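Following: one structure in C-alpha cells, then a few remarks.
2 protein chains.
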Amino acid sequence: MNLTPISERFILHWGEMGARWGVNRSVAQIHALLFLSDRPLAADEIAETLSVARSNVSMSLKELLSWRLAKITHQMGDRRDHFETSKDVWELFKIIVEGRKQREVAPTLAVLNEFLESTDLDQETPGVVARIGQTREFIQVLTAWITEMLRQEPETLMKILKMGAKVSNLVRGTTEEKAQQ
Amino acid sequence: MNLTPISERFILHWGEMGARWGVNRSVAQIHALLFLSDRPLAADEIAETLSVARSNVSMSLKELLSWRLAKITHQMGDRRDHFETSKDVWELFKIIVEGRKQREVAPTLAVLNEFLESTDLDQETPGVVARIGQTREFIQVLTAWITEMLRQEPETLMKILKMGAKVSNLVRGTTEEKAQQ
DNA sequence: CCGTAATTTCAGTAAAGAGTGAAACATGTG
DNA sequence: CACATGTTTCACTCTTTACTGAAATTACGG
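The listed protein sequences derive, respectively, from chains A and B.
According to the numbering used here, the first sequence is numbered sequentially starting from 5.
According to the numbering used here, the second sequence is numbered sequentially starting from 5.
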C-alpha cells in the first residue's frame, strides 16, 4: 500500500515528534498510520507501507496495545489480526497522558515520598529538604489536577481549555486586587 | 564536593526522568544538582561532583542557559562563572513548558497548517483531511490554553490547578443536565 | 491431529546519541 | 603583552537504543 504525499509527511513528522518526547519512532509512525487510515490494517500492510521489518511492527503493535492506543479487529474471510486506533485526538491525548502519569509520574512521587521519610534526611541541609518537599507538593497538585481532567469527556475537556482565560481572570481577581498590566 | 545520599538519589532519578522525556541525562542531572544546591556552583565543581567530563558540563550548561533554566553569577574573588537555577519548581515548570511549546509544538502546528493549505491535499481521502484538521484544532486549543496558563504567577497557577475539580463540575453542569455517575 | 498460515521472540547488527579529552580559544591580571 | 586561568569546540569512542531476520511458537482449518 502506498502513501499519498501529505500522509507520508504527517507520519514522518509524527515519528520525529514521538522521538523527541521519548517515544520510539517506529511506534509513533505506526500509530500515525493507523490514525490516518480509513480502515483497520494488518501487520503485513503496515510493514510494507512503512518499509520496516515485520517483526518490528509486531513489537511496536504490542507496545501500542499495552498503551491501549491500538486494538485488534477482524475482517470477514481474513485470518489475520487487523489493527485500528481511535480517530479522536482528544481521546488519544487522554490515553497518553494517563499512561505517562501511571508509568512515570507515579513512580517519581513514590521515590520523593521515600526520600522525605528516609532517616538519611538528617544529612541534608534544611534548604535541600525544603526543595524536595516543594517538588513533591508540585507533583501531587499536578497529578491531582490531571486526574480530574482525565475524567472528563473530550468535549468537556475542550470547553475547559477554551474557558482557560476566563478562569484565570476569575482567580486573579479573587486573589489580587490590583489590575495586572 | 561530595553528595549526601538523598541528594545523590534525587539527582540520579531526575536524570532518569529527563531521559524518558527527551532530555539529555547529563543536562537533567546538572539541573537537579543546581536546584538542590544551597549556593551557585562553578562548572568544575559540577564536573567533580557528578563525575562527568568538564567539557560535558560546559555543553550541558550552555543548553541549560539556552533554556533559561540556569543563569551565571559571580563570586567575589573568583574569576570563574558560577551557575544557579530558580528554586521555584513552578517557575521551572513554566520555563520548560514554554520552551517545549516554542521548540516543538509551534513547528508542528506550522507543518499541519502547511499540509492543510497544500495542493497535494486533493490526493487524500476526506477522512484523512478531516483527521489532520482535527489534529490542528487540537493543538491550537491546547497551545492557546497553555499560553494563558503560562502568563500566570506560580501562585495563581497553583490555585487554578487546585480549583480543577470545581471548574470541571461547573462546565459539566452547564453543558449536560443529567448527573454523571 | 497434521499441515499451513500467522505471529512472536530474540540474538545479533546497525544506527543514533552521549560523553570524553586534547587542542584551540578567550579572558583577565600583573 | 605574556602568562595563567578558565572555557569551548570537535573528532573520536563508548553506550545505549532501535531494528532486522531467522528460528521458534502459536493458532487455525481441514
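Just so you know, even glycine gets a beta-carbon here, dropped at the ideal spot from N, CA and C.
Values in this document were obtained by computation on a predicted structure and should not be read as measured data.
Taking the Cβ atom as the reference point for each residue, do B/D42 and A/P9 lie within a distance shorter than 7 Å? Translated into positions along the second sequence, residue 42 of chain B becomes position 38. Translated into positions along the first sequence, residue 9 of chain A becomes position 5. B/D42 places its beta carbon 7 Å or farther from that of A/P9.
Quick one: what's got a C-beta closer than 7 Å to A/L38's C-beta in the same chain, skipping five residues either side? In the first sequence, residue 38 of chain A corresponds to position 34, counting from 1. L45, A74, F87, E88 and T89, listed in sequence order.
Counting only runs of 3+ residues fully inside the segment 75-119 of chain B, write out the beta strand (DSSP E) ranges in chain order. Considered as a whole, the segment 75-119 of chain B harbours 75-79 and 82-88 as its complete beta strand (DSSP E) runs of no fewer than 3 residues, in chain order.
Can you say whether B/R135 is buried or exposed, counting buried as having 16 or more other CB atoms within 10 angstroms of its CB? Locating residue 135 of chain B in the second sequence gives position 131, where the first residue counts as 1. In this structure B/R135 is buried. Its beta-carbon is surrounded by 16 or more other beta-carbon atoms within 10 angstroms.
Within 7 Å of any Cβ in chain B, is that where the Cβ of A/R24 sits? Taking the first sequence and counting its residues from 1, the one referred to as residue 24 of chain A is at position 20. Interface residue, yes.
Run through chain B and tell me which residues come within less than 8 Å of A/H35, C-beta to C-beta. Taking the first sequence and counting its residues from 1, one reaches residue 35 of chain A at position 31. The premise fails here: A/H35 is roughly 12 Å from chain B at the closest Cβ pair, so nothing lies under 8 Å.
Does the CB of B/L113 have a neighbour CB from chain A at under 7 Å? As a working mapping, residue 113 of chain B is identified with position 109 in the second sequence. No, because no Cβ of chain A sits closer than 7 Å to the Cβ of B/L113.
Bounding residues of the alpha helix (DSSP H) (the contiguous stretch that carries A/Q144): Position 140 of the first sequence holds residue 144 of chain A. According to the DSSP assignment, A/Q144 belongs to the alpha helix (DSSP H) that extends over P130 to L154.
Grab the span of the alpha helix (DSSP H) containing B/V27 for me, first residue to last. Within the second sequence, residue 27 of chain B is the residue found at index 23, counting from 1. Per DSSP, B/V27 lies in no alpha helix (DSSP H) and is assigned neither H nor E.
Could you spell out the range, first to last residue, of the alpha helix (DSSP H) harbouring A/M63? Taking the first residue of the first sequence as position 1, residue 63 of chain A is located at position 59. Here the alpha helix (DSSP H) through A/M63 covers R58 to S70.
Should B/V93 and A/Q106 be called a contact, given that it needs their Cβ atoms to be closer than 7 Å? Numbered from 1 along the second sequence, position 89 holds the residue referred to as residue 93 of chain B. Numbered from 1 along the first sequence, position 102 holds the residue referred to as residue 106 of chain A. Not closer than 7 Å, so no.
Which residue comes first and which comes last in the alpha helix (DSSP H) that contains A/E49? On the first sequence, position 45 is the one that residue 49 of chain A refers to. Where A/E49 is concerned, the enclosing alpha helix (DSSP H) stretches over A47 to L54.
Simplified DSSP state of B/R43, which is helix, strand or coil: The residue you call residue 43 of chain B lines up with position 39 of the second sequence. Three-state DSSP puts B/R43 in coil, outside helix and strand.
Pick from B/L146, B/L16, B/T53 and B/G131: whose alpha carbon is nearest that of A/L116? Against the first sequence, residue 116 of chain A aligns to sequence position 112. That would be B/L16, whose Cα lies nearest to the Cα of A/L116.
Cβ of B/E76 within 7 Å of Cβ of B/I50? Residue 76 of chain B sits at position 72 when you count from the first residue of the second sequence. Residue 50 of chain B sits at position 46 when you count from the first residue of the second sequence. According to the sequence displayed, residue 76 of chain B carries Ile and not Glu. In this structure, the beta-carbon distance from B/I76 to B/I50 does not fall below 7 Å.
By the 7 Å beta-carbon criterion, what residues does the segment 145-164 of chain A contribute toward chain B? From the segment 145-164 of chain A, only V145, L146, W149, E152, M153, Q156, T160, M162, K163 and I164 have a Cβ closer than 7 Å to chain B.
Status (buried if at least 16 other CB within 10 Å, exposed otherwise) for A/E128: Within the first sequence, residue 128 of chain A is the residue found at index 124, counting from 1. Counting Cβ neighbours within 10 Å, A/E128 comes out buried, since at least 16 surround it.
Using 10 angstroms around the beta-carbon of A/Q156, count the other beta-carbons present and answer buried if the total reaches 16, otherwise exposed. Sequence index remark: in the first sequence, residue 156 of chain A carries index 152 (1-based). By the Cβ-count criterion, A/Q156 is buried, with 16 or more other Cβ atoms from all chains shown falling within 10 Å of its own Cβ.
Going by beta carbon distance, what residues of the same chain come within less than 7 Å of B/R13, once the five residues before and after it are set aside? Here the question's residue 13 of chain B lines up with position 9 in the second sequence. Cβ within range, chain order: n/a, list empty.
Can you tell me which of B/N28, B/I150, B/N6 and B/Q79 puts its alpha carbon nearest to the alpha carbon of B/F97? As a position in the second sequence, residue 97 of chain B is number 93, starting the count at 1. When the alpha-carbon of B/F97 is set against those of B/N28, B/I150, B/N6 and B/Q79, the nearest one is in B/I150.
Relative to the ligand PLP, is the shortest distance from any of its heavy atoms to the C-beta of A/L165 smaller than 6 Å? This structure simply doesn't include the ligand PLP, nor any ligand for that matter.
What does a CB cutoff of less than 8 Å around B/S62 pick up in its chain, not counting 5 residues either side in sequence? For the purposes of this step, residue 62 of chain B is taken as the residue at position 58 of the second sequence. Contacts found: A47.
Close Cβ partners of A/R188 (< 7 Å) along its chain, the five nearest in sequence each way excluded: Nothing can be reported for residue 188 of chain A, as the shown portion of chain A is limited to 5 through 185.
Chain A partners of B/M21, CB-CB under 7 Å? As a working note, residue 21 of chain B is residue 17 in the second sequence. Within chain A, the residues near B/M21 are E108 and T112.
With B/L113 and B/T147 assumed to form a contact (beta carbons below 8 Å), what rounded beta-carbon distance in angstroms separates them? Position 109 of the second sequence, counted from the start, is the residue given in the question as residue 113 of chain B. Position 143 of the second sequence, counted from the start, is the residue given in the question as residue 147 of chain B. B/L113 to B/T147, Cβ: 7 Å. Contact.
Quick one: is A/S59 buried, meaning 16 or more other Cβ sit within 10 Å of its Cβ, or exposed? As a working note, residue 59 of chain A is residue 55 in the first sequence. With a 10 Å radius around the Cβ and a threshold of 16 neighbouring Cβ atoms, A/S59 comes out exposed.
Neighbour list for A/Q138 in chain B, Cβ cutoff strictly below 7 Å: Taking the first sequence and counting its residues from 1, one reaches residue 138 of chain A at position 134. V93, listed in chain order.
For A/T8, does the three-state DSSP call read helix, strand or coil? Position 4 of the first sequence, counted from the first residue, corresponds to residue 8 of chain A. Of the three classes helix, strand and coil, the one that applies to A/T8 here is coil, per DSSP.
Spatial distance of A/P111 from B/M21 (CA atoms): Counting from one through the first sequence, the residue named residue 111 of chain A turns up at place 107. Counting from one through the second sequence, the residue named residue 21 of chain B turns up at place 17. Going by the C-alpha atoms only, they are around 10 Å apart.
Would you mind working out which of A/L40, A/S11, A/A57 and A/N6 sits nearest A/S30, comparing C-alpha positions? Walking along the first sequence from the start, residue 30 of chain A turns up at place 26. With distances taken between Cα atoms, A/S30 lies closest to A/A57.
Hey, B/L65 and B/E102: beta-carbon distance below 7 Å or not? Mapped onto the second sequence, residue 65 of chain B falls at position 61. Mapped onto the second sequence, residue 102 of chain B falls at position 98. The Cβ-Cβ distance between B/L65 and B/E102 does not fall below 7 Å.
Taking Cβ positions, are B/G19 and A/W25 nearer each other than 7 Å? Position 15 of the second sequence, counting from 1, holds the residue named residue 19 of chain B. Position 21 of the first sequence, counting from 1, holds the residue named residue 25 of chain A. Result no, Cβ atoms of B/G19 and A/W25 do not sit closer than 7 Å.
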